[in-house]
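Positions in the sequence shown are counted from 1; adding 28 to them yields my numbering.
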Amino acid sequence: MLSMSKGSVISSLGITEADQQEDTINCFALCNEDTGIITYHKSGLFKLWDWKTSKLTKLWKSIHKGPVMRITLSNNDVLMASGGSDGTVRLWDLQHHACTHSLRGIQGVISILEFHPNREKSLLFGAGDNTKIYGWDIATGQEKIILSGHFSKVTSLNFHENGNYLVSSGRDRVLILWDILTGTSIRVLPVYEGIEGTFIIPAKCLPAFIKSRKSDGIYIASAGEKGVVKIWEMTTGKQIYVQDDSLVPPAKEEGGLSITHLLYNSIHNIFAVVSVDHNIIIHSLELFECKKQLVGYSDEILDVAYLGDNDSHLAIATNSCEIKLYEILSMNCQLLCGHTDSVLALATTLANVNLLVSSAKDNSVRVWLLDKETSRMSCIGHAVRHTASISSVAISQTSLKFFSTVAQDSCLKLWELPNNLELHDQALSLNTSCTILAHQKEINCVTISPNDKLIATASQDKTAKLWSTENLELLGVFHGHRRGVWCVRFSPIDQVLLTTSADCTMKLWSLTELNCLKTFEGHESSVLRGEFLSRGMQLITSGGDGLLKLWNIKTSECVSTLHQHESHVWTLAVTKDQKHIISGGSDSLLVIWRDVTEERKARAASEKAQLVLEEQKLANLLKAEQLQTALQLALKLERPSQVLKIVEAILKKGYHEFAEIIKELKPFRKESLLRCAVTWNMNSRNSHAAQAVISALITEIGMQELQTSDLFSTLEVMIPYTDRHFKRSGNCPSFGSSMTQTELLQELANECRYDKMVRPPGVINETDPIRIYTRAFIYTIKSNMAKTLQFDVHLMLQFRYLDKRLKFADIAPYLTQIYGGQNAHEMIWTPTVYVANERTSAVMGNGVKDLLISISSYGTVMLNTRLETTLNCGLRLEKFPFDVQECPLVFESWTHNVDDMVLDWDEYPIVIADNLYLTEYKLVDTWVNRSGVSYTPSQHHYAGNFSSINITFKLAREMGFFMMDYYVPSILIVVVSWVSFWLHQDASAPRIVLGTNTILAFMTLASKVENSLPKVSYIKASEIWFLGCTIFLFAAMVEFAFVNTIYRRKKNVPLKKVNSKYILKSTLTPRLARKQFQKNTTGLERSRSWSSLDNANTNNEQDFTSQNYLTVHSFPSTINIPSVRIEEDKDPDYSVGSITTIDSTPPVTKPFSRRPTLAKLHNFTTMTPQQIAQWIDKRSRIVFPVSFIIFNVFYWSFIWI
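This is the structure we're talking about:
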């Protein structure tokens, strides 16, 4: 139930407790007296509620065969009609809650039920899946009328005030006016949209701006998939008004839903529009203006932004095309319509707190301005420039001159903003001043620095980039994240950039050096958003796991983890005063967080001051021997040791007085005293006081004056210790005057004095945890990590701790130390520690090789044990065989958590043997660390935090073996493969043998190295070397095949120029070269065959007029027949074979004069295939060594840098 005036929930019905099963409400109806509501539930029950008191007054069972889909009540609330999915309509007498009639005829699910408003007619109308409207007599239950005319589901029925007419609507896009008396349709009015709701408007209640109205007219308002309300006059079939400022967007597809209900209140002359987005919009019918907007369920919250003076308003972008603008004080909501697809991002600026820029999946941006006087926001400009969804937007902070957007089209755009935005009203022209392709993949976020000089972007390509706002010049790229970057933010103080990523980390980057300053780890899923707090000293981040974390930047620690969301937290917004943070996510929750740091500090300071006062008061009471008051105060302060002292002091005065004091304690104080007594009872030294308290409280327990929730378990824990105390209370032997070490230890560890199952008390307070100081002596380290990923360590562990119960300085002053082995170990308490990362863990003290225990006169115990263990070590072999491994040896407490025992390292914790030697590795460094390990009951371990210490061995692989047995031989094999370049081109046998032998030798060499390593999914450095050498060996074989093929060709190759380009081009495509040569010759030069030219005698200097030309037919004597001359080119570097020269001058008898060759005329020359093969071999002698040297430079640079 919502209050229309306040817009808030005033009552809720059907809420179940945590241990109750939810009973979903399918439909409901409001009683006419406005106090009762009838609901139908999934359980098949009708329930009558008094909504003002939220009490259930009556419930009865439905007798429908399926769920009930519709409920309606008669005007006098005497009858109720229910329509089910079984196609039946049942009439119920609400006075007796009994079914009187079962009405049939409708087929399928009942979609609409309405009683006729005139009681005298006694009619009930309904419709279902068969598109017909049925009317029944509610007195007899007989079918009276059937109205046929719709061709789709009927969605509403409305009766005219005279009772003779009925207007129906349906999804067949028509309105039908029916005459109830005759059962015929008067008019079928097409409305060209599926209608979901209608109501009849009295002529006097029509909007004031509609002037033409008839008193006898039938006016009806309709709404449907177009998202607007229309008013029709049914008798004439005219549309007299269409809503022009609807806040509901149309359906996204034909036949979809936009407006789902249309409700009319005749008393206040208002109507409500219910949208498919769960929004209720209240309109005044007189002026058709929006009065109130009630926002219901929100889908995923994608972005939020504060705006207005003092952050008075909150804009929210959900998975909808509407922006919800809330006034924070009243939570009144305004829907901002304009986008045609889901809004993805919002942005505000300190330069104008009333400005809002939004972006959406419709590829558009919109600029909104909040009116200070009316608190209404309107769109003043929009534009579409991107080609994909705009994922983020940011506005300049100091001056209102520009804003920037990024989209899934990988573009970054800079937009201009004009001055005096208040003067624009839907006329603001938005233009981009600069556009750049910023990233290789989708861009997730954009932000602008506080001084408006820099822009930062984050993308799915795992990088963030820094840009200048002047011309979008790229200033730097931030590499380091292993997955896409979700968010970027500038620090408000420092030159630092924050990035959050899907790799569960956040990084801080220097804007001057462009390097990573810090990395924060702690989230267990993608970090989606981050914001700076406390003037850049803190961070608040949100993750995909629904957690918010607060970080201290200085210490890189997570200060607090906030649990409220259930899924992805997409957005965070911080108020200007940083006192509130709002978060929203995919769980539809909008959570406002308040900064309670100062309140907690003040409360902690107050509690501390109060504690000091009470402790001082307790000290004064003890000094004044007011033991009864002191006991109550000590129990209040939860000081068990002081309570014990007070109890012992009271017992000295007499047990009767002690029992009277116990009786006067309040019940909760008695519970505290009982818990203290159970703890004391575990120690034989305090058993007397514990038994006195238990004896005094047993009477209270028997008379049932003391009842606690865990009384049975408390007494059950106490019984074994009490039984033990009574057994040994009368026969505990005394210490002798002169005892040996064995006798002294036996007396000290006697059951009457010593309980080896109970840990020693703390050094200062007995309840403090005992500290175990550890030292490790490393003897040998045997590495077998290549295949098993394990290594063996032989060491001696030394544990040192204080057990006050074994103190014998006053008992046997003649002894300073007690030494023992396995027997002493069985008599006293020793710490139980296990190796956490051992292949098969073993508890220390069981199955160990050697034990040595020494006990000093003041109770200091030294436990020495030798240990040989096989440890697991996960190797990272990216740089194998030049890798460095860090292998831990982890010790954890087995039976005692940190409240009872803490492991710590002694001074000089690690001692390494001087003759320590490793074969495969060398020990570079060792260090120790301490931590805590948390276990939950689901992990099959004692729940709680357990102390842990570890030694880390840093091992570097010895590379001499691999250099001499792998790298140097492989280099020599590659070099040997180049010998084939000096062999003759036609020497197939030796070159093939040399090539195949080098490849086989290298494969054999490499297989020995790779077979000794575990299979990993990533590429190792040795594999890169193997691939490179294999390529060079294979390339040498390919070069021989190529050269041998060229060498065996018979035809010469014409060349335009003698250089690498033309030689390789003509060699690879000889036919194309010859065609090009023939194309460049003219006339008779093309008619001369190459064979005749090759056979010409070029050494003869005789007249060439009588040979070497072709005669086609007899020529006139006046025609000069050219002569063809075959001439050998004298330059051996440029030509091989014969050159053809054509002379067109008449033959003369004088000696022949040498003319330019035909090749020189056309800039062509030729080479034999043998010369080309020799040329390729000569070049390979240089290219292969140089390429291999370059490969080595890059490879060894990668290894050592």
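Think of the CB as a built atom: it goes at the ideal place given N, C-alpha and C, for glycine as much as any other residue.
- Message: In whole angstroms, give me the CA-to-CA distance for E498 and P478.
- Response: Translated into the one-based positions of the sequence shown, residue 498 becomes position 470. Translated into the one-based positions of the sequence shown, residue 478 becomes position 450. E498 and P478: Cα-Cα distance of roughly 15 Å.
- Item | Contacting residues, own chain, Cβ-Cβ under 7 Å from K469 (five flanking each side not counted) | In the sequence shown, residue 469 corresponds to position 441, counting from 1. Around K469: S438, S487, Q488 and D489.
- Counting only the same chain and skipping the five closest in sequence on each side, list residues whose C-beta sits under 7 Å from that of V602. Taking the sequence shown and counting its residues from 1, the one referred to as residue 602 is at position 574. Contacts found: E559, L561 and I609.
- Message: Buried or exposed for T1139, going by 16 or more other Cβ atoms inside 10 Å?
- Response: Within the sequence shown, residue 1139 is the residue found at index 1111, counting from 1. In this prediction, T1139 has a pLDDT of 34, which is less than 50 and means its spatial position is unreliable; what the coordinates show is noted afterwards. So T1139 ends up on the exposed side.
- Item | Residue span of the alpha helix (DSSP H) that contains Q592, given as start and end | Taking the sequence shown and counting its residues from 1, the one referred to as residue 592 is at position 564. Taken as a continuous stretch (DSSP letters only), Q592 belongs to no alpha helix (DSSP H), as it is neither H nor E.
- Query: In chain order, what residues of the same chain have a beta carbon less than 6 Å from the beta carbon of S1120, not counting five sequence neighbours either side?
  - Reply: As a working mapping, residue 1120 is identified with position 1092 in the sequence shown. Here S1120 scores only 35 on pLDDT, less than 50, and its place in the model should not be relied on; the value that follows carries that caveat. Cβ neighbours of S1120 beyond the five flanking positions: none.
- Item | Selected residue, minimal CA-CA separation from D305, among G169, K1043, K258 and E253 | As a first step, residue 305 must be located in the sequence shown, where it is residue number 277. With distances taken between Cα atoms, D305 lies closest to E253.
- Task: Would you decide whether Q719 is buried or exposed? Buried here means 16 or more other CB atoms lie within 10 Å of its CB.
- Result: In the sequence shown, residue 719 corresponds to position 691, counting from 1. Looking at its Cβ environment, which holds 16 or more other Cβ atoms inside 10 Å, Q719 is buried.
- Stretch pair the region 203-210 + the region 186-193: three plus CB contacts closer than 8 Å: yes
- Query: Using 8 Å as the threshold, is the region 382-393 in touch with the region 406-424, meaning 3 or more CB pairs across them?
  - Reply: yes
- Query: Can you give the beta carbon distance from L313 to A300, rounded, assuming they're within the 8 Å contact cut?
  - Reply: By one-based count along the sequence shown, residue 313 stands at place 285. By one-based count along the sequence shown, residue 300 stands at place 272. That belief does not hold up - the Cβ atoms of L313 and A300 are roughly 11 Å apart, past 8 Å.
- Contact between the region 623-632 and the region 655-669 (3+ Cβ pairs under 8 Å): no
- Message: Tell me the DSSP secondary structure of D220 in three-state form.
- Response: Counting from 1 along the sequence shown, the entry for residue 220 is found at position 192. At residue 220 the sequence reads Tyr, which differs from the Asp that was named. In the structure shown, Y220 sits in coil (DSSP, three-state: anything other than H, G, I, E or B).
- Query: Among the residues of its own chain, which have a CB less than 8 Å from the CB of L494, if the five just before and after it don't count?
  - Reply: The residue you call residue 494 lines up with position 466 of the sequence shown. Result list for L494: L482, I483, A484, L502, L503, G504, V505, F506, L525, L539 and L542, in chain order.
- Kindly indicate which residue of K86, E282, A1017 and L398 has the alpha-carbon position closest to the one of Y354. Counting from one through the sequence shown, the residue named residue 354 turns up at place 326. For Y354, the nearest C-alpha among the options comes from L398.
- Item | Any 3 or more C-beta pairs closer than 8 Å across the region 775-784 and the region 906-924 | no
- Task: Tell me N360's beta-bridge partners as DSSP assigns them.
- Result: Within the sequence shown, the letter at position 332 stands for residue 360. Paired residue(s): E355.
- Mind checking C955: buried by the 16 CB within 10 Å criterion, or exposed? Sequence index remark: in the sequence shown, residue 955 carries index 927 (1-based). According to the sequence displayed, residue 955 carries Trp and not Cys. It is exposed - the Cβ of W955 has fewer than 16 other Cβ atoms within 10 Å.
- Is it buried or exposed for L73, if we count other Cβ within 10 angstroms and need 16 for buried? Here the question's residue 73 lines up with position 45 in the sequence shown. Burial call: exposed.
- Message: Given a cut-off of 8 Å on the beta-carbon distance, is the pair R201 and E221 in contact?
- Response: Numbered from its first residue, the sequence shown carries residue 201 at position 173. Numbered from its first residue, the sequence shown carries residue 221 at position 193. Yes, the pair counts as a contact, with Cβ atoms nearer than the cut-off.
- Around the C-beta of L30, are 16 or more other C-beta atoms found within 10 angstroms, so that it is buried, or is it exposed? Residue numbering aside, residue 30 sits at position 2 when the sequence shown is read from its first letter. The residue in question, L30, is exposed, as its Cβ has fewer than 16 Cβ neighbours within 10 Å.
- Query: Are there 16 or more other CB atoms within 10 angstroms of the CB of H124, so buried, or fewer, so exposed?
  - Reply: Position 96 of the sequence shown, counted from the first residue, corresponds to residue 124. Its Cβ having fewer than 16 others within 10 Å, H124 is exposed.
- Query: Can E866 and L823 be called in contact, C-beta distance under 8 Å?
  - Reply: As a first step, residue 866 must be located in the sequence shown, where it is residue number 838. As a first step, residue 823 must be located in the sequence shown, where it is residue number 795. No, Cβ-Cβ distance for E866 and L823 is not below 8 Å.
- Message: For L383 and L449, which I take to be in contact (beta-carbon distance under 8 Å), what is that distance rounded to the nearest angstrom?
- Response: By one-based count along the sequence shown, residue 383 stands at place 355. By one-based count along the sequence shown, residue 449 stands at place 421. About 7 Å separates the two Cβ atoms, so the contact holds.
- Message: Quick check: the Cα distance between V555 and E282, rounded to an integer number of angstroms?
- Response: Along the sequence shown, read from residue 1 onward, the residue named residue 555 stands at position 527. Along the sequence shown, read from residue 1 onward, the residue named residue 282 stands at position 254. Near 39 Å, if we compare the C-alpha coordinates of E282 and V555.
- Item | P937: first and last residue of the uninterrupted beta strand (DSSP E) it sits in | On the sequence shown, residue 937 is found 909 positions in, with the first residue counted as 1. Taken as a continuous stretch (DSSP letters only), the beta strand (DSSP E) holding P937 covers M929 to I940.
- From A1017 to K1036, what distance separates their C-alpha atoms? Start at 1 with the first residue of the sequence shown, and residue 1017 comes out as number 989. Start at 1 with the first residue of the sequence shown, and residue 1036 comes out as number 1008. Whole-angstrom Cα-Cα distance: 29 Å.
- At which residues does the alpha helix (DSSP H) containing R697 begin and terminate? As a working mapping, residue 697 is identified with position 669 in the sequence shown. Per DSSP, R697 belongs to the alpha helix (DSSP H) from P695 to W708.
- Task: Ignore the nearest five residues each way along the sequence and tell me which others in G508's own chain have a CB closer than 7 Å to its CB.
- Result: As a working mapping, residue 508 is identified with position 480 in the sequence shown. The residues are K535 and C544.
- Task: Taking only the alpha-carbon atoms, compute the straight-line gap between I1170 and Q1198 and give it to the nearest angstrom.
- Result: Taking the sequence shown and counting its residues from 1, one reaches residue 1170 at position 1142. Taking the sequence shown and counting its residues from 1, one reaches residue 1198 at position 1170. Confidence in I1170 is poor, its pLDDT being 39 and thus under 50, which makes the residue's placement unreliable; the coordinate value appears in the next sentence. Roughly 28 Å between the two C-alpha positions.
- Item | Three-state secondary structure (DSSP) of H467 | As a working note, residue 467 is residue 439 in the sequence shown. Of the three classes helix, strand and coil, the one that applies to H467 here is coil, per DSSP.
- Task: Starting from the Cα of S584, find the closest Cα among S570, L576, Q566 and W537 and give me that residue.
- Result: As a first step, residue 584 must be located in the sequence shown, where it is residue number 556. The residue with the shortest Cα to Cα distance from S584 is Q566.
- Item | Those residues which DSSP pairs with E896 across a bridge | Locating residue 896 in the sequence shown gives position 868, where the first residue counts as 1. Answer by DSSP bridge pairing, in chain order: H822.
- Item | Extent of the continuous alpha helix (DSSP H) run through M1031 | Here residue 1031 refers to the residue found at position 1003 when the sequence shown is read from its first residue. Element bounds for M1031: S1016 to E1038.
- Query: So what's S529 in DSSP terms, helix, strand or just coil?
  - Reply: The count along the sequence shown starts at 1 and reaches residue 529 at position 501. Strand at S529.
- Query: In three-state terms, what does DSSP make of I521?
  - Reply: In the sequence shown, the residue the question calls residue 521 occupies position 493. I521 falls in the coil class under three-state DSSP.
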